[in-house]
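What follows is a short report on a single structure.
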Amino acid sequence: MSTQIQASELTPSSFGWKVDGKVATVTLSRPERKNPLTFESYAELRDTFRRLAHATDVKVVVITGEGENFCSGGDVHDIIGPLVDMRARGRMDELLAFTRMTGDLVKAMRHCPQPIIAAIDGVCVGAGAILAMASDMRIGTPRSKVAFLFTRVGLSGADMGACAMLPRIIGQGRASELLYTGRVMEGEEAERWGFYNRLAEPAQLYDAALTLAHALADGPTFAHGMTKKSLHQEWAMGVDEAIEAEAQAQAICMQTEDFVRAYNGFIAKQKPVFEGN
Numbered sequence: 420m421s422t423q424i425q426a427s428e429l430t431p432s433s434f435g436w437k438v439d440g441k442v443a444t445v446t447l448s449r450p451e452r453k454n455p456l457t458f459e460s461y462a463e464l465r466d467t468f469r470r471l472a473h474a475t476d477v478k479v480v481v482i483t484g485e486g487e488n489f490c491s492g493g494d495v496h497d498i499i500g501p502l503v504d505m506r507a508r509g510r511m512d513e514l515l516a517f518t519r520m521t522g523d524l525v526k527a528m529r530h531c532p533q534p535i536i537a538a539i540d541g542v543c544v545g546a547g548a549i550l551a552m553a554s555d556m557r558i559g560t561p562r563s564k565v566a567f568l569f570t571r572v573g574l575s576g577a578d579m580g581a582c583a584m585l586p587r588i589i590g591q592g593r594a595s596e597l598l599y600t601g602r603v604m605e606g607e608e609a610e611r612w613g614f615y616n617r618l619a620e621p622a623q624l625y626d627a628a629l630t631l632a633h634a635l636a637d638g639p640t641f642a643h644g645m646t647k648k649s650l651h652q653e654w655a656m657g658v659d660e661a662i663e664a665e666a667q668a669q670a671i672c673m674q675t676e677d678f679v680r681a682y683n684g685f686i687a688k689q690k691p692v693f694e695g696n
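Every position in the sequence shown, counted from 1, becomes a number in my numbering once 419 is added.
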């Protein structure tokens, strides 16, 4: 029995969802509060990214925020308050269930085969910064502000994989500074440090993300999925092991029709039309 689904079957209620050709856009909502996350949106985001592995008509995902902000992190009233209550009742089991659930969202983003592009304007803090970090590429604006705020509210900087992933993006020393201090990283600094792939003006941000997304979606999407899987898995490999894994990955890609299409296009001096198989 096939597990494939269509993008139209994904109908989340706690955030925006639309599909433009082969590109899906997740829009974090509630702009009046800078798009915070709730228990419901955490779980629905996790489930959506898990199901995207079976949505073969979606080739790339863009994640952004409504209005002039990306995400203000966990909602103070809907999440932080209940967590304080769990602590008061001595419910370590409930606290651990929550932190594992938030980590499962990052796992789902890293394991979904589609490249994820974060389009980041304004506030991008706490769990919002984690969503940006967990994406494959990030486009920001000069006015954006990224902060891993956890230590500023008495929590560890080790949240949702930050201590493993952030150093690989911007380096150990820079990641240590951000995770210890919780300070804001301005847009130009984020680009200079390599957190952002590039900057765009706010009015052009979403279009810049869509342009990149459509370019990737028109490429060899099976090979993109293999690239994403290799980038993720090879964090835990030695160089020799990684070289062998990539030899196997490349041999698999050489069996695809897209590999033949690329060759035939080169011979004919035409741009190949990739179909993801």
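Each residue gets a CB set at the ideal place from its N, CA and C atoms; glycine is no exception.
Nearest to residue i (by Cα), restricted to the options the options
i: residue 568; options: 602, 596, 540, 632; result: 602
i: residue 614; options: 557, 492, 454; result: 557
i: residue 587; options: 681, 574, 553; result: 553
i: residue 607; options: 559, 594, 450, 675; result: 559
i: residue 648; options: 463, 454, 555, 541; result: 555
i: residue 493; options: 564, 572, 538, 653; result: 572
i: residue 540; options: 610, 534, 473, 563; result: 563
i: residue 620; options: 432, 487, 441; result: 487
i: residue 651; options: 618, 583, 695; result: 583
i: residue 385; options: 639, 474, 575, 604; result: Outside the displayed span of the chain (420 to 696) sits residue 385, for which this structure offers no information.
i: residue 695; options: 686, 459, 655, 644; result: 644
i: residue 431; options: 521, 446, 475; result: 446
i: residue 517; options: 639, 689, 658, 462; result: 462
i: residue 668; options: 657, 641, 693, 511; result: 641
i: residue 625; options: 657, 537, 612, 428; result: 537
i: residue 638; options: 595, 691, 616, 439; result: 691
i: residue 565; options: 549, 550, 496, 543; result: 543
i: residue 664; options: 634, 450, 653; result: 653
i: residue 479; options: 547, 437, 662; result: 437
i: residue 452; options: 491, 630, 464; result: 491
i: residue 589; options: 570, 610, 578, 662; result: 610
i: residue 670; options: 646, 657, 683; result: 646
i: residue 429; options: 464, 450, 448; result: 464
i: residue 547; options: 661, 454, 495; result: 454
i: residue 441; options: 679, 688, 630; result: 630
i: residue 675; options: 686, 693, 658; result: 693
i: residue 551; options: 448, 489, 673, 662; result: 489
Span of the beta strand (DSSP E), counted from its first residue to its last, around residue i
i: residue 439; result: 435 to 439
i: residue 686; result: Not the beta strand (DSSP E): residue 686 falls in the alpha helix (DSSP H), residues 676 to 686.
i: residue 446; result: 442 to 447
i: residue 581; result: That residue, residue 581, is in no beta strand (DSSP E); its alpha helix (DSSP H) goes 581 to 589.
i: residue 577; result: Premise fails: residue 577 is in no beta strand (DSSP E) and is neither H nor E.
i: residue 566; result: 564 to 566
Nearest-angstrom Cβ-Cβ length linking residue i and residue j, presumed shorter than 8 Å
i: residue 424; j: residue 457; result: The Cβ separation is near 25 Å, so there is no contact.
i: residue 636; j: residue 481; result: Not quite, the Cβ-Cβ distance comes to about 10 Å (not below 8 Å), so this is no contact.
i: residue 485; j: residue 545; result: 17 Å between Cβ atoms; not a contact.
i: residue 502; j: residue 514; result: 7 Å
i: residue 599; j: residue 576; result: 6 Å
i: residue 426; j: residue 474; result: 5 Å
i: residue 443; j: residue 477; result: 5 Å
i: residue 628; j: residue 483; result: 7 Å
i: residue 578; j: residue 535; result: About 19 Å; that fails the 8 Å criterion.
Start and end residues, alpha helix (DSSP H) containing residue i
i: residue 557; result: Premise fails: residue 557 lies in the beta strand (DSSP E), 556 to 559, not in any alpha helix (DSSP H).
i: residue 646; result: 640 to 652
i: residue 658; result: 658 to 672
i: residue 636; result: 624 to 636
i: residue 619; result: Unbroken run through residue 619: none, as it is neither H nor E.
i: residue 608; result: 606 to 611
i: residue 464; result: 458 to 471
Near the ligand ADP: residue i beta-carbon under 7 Å from a heavy atom
i: residue 548; result: Summarising the ligand content, the structure contains no ligands, and the ligand ADP is consequently not present.
Along the chain, which unbroken stretches of the alpha helix (DSSP H) at least 4 residues long are found entirely within the stretch 482 to 553?
500 to 507, 511 to 530, 546 to 553
Is the stretch 462 to 474 touching the stretch 519 to 539, taking contact as three or more C-beta pairs under 8 Å?
yes
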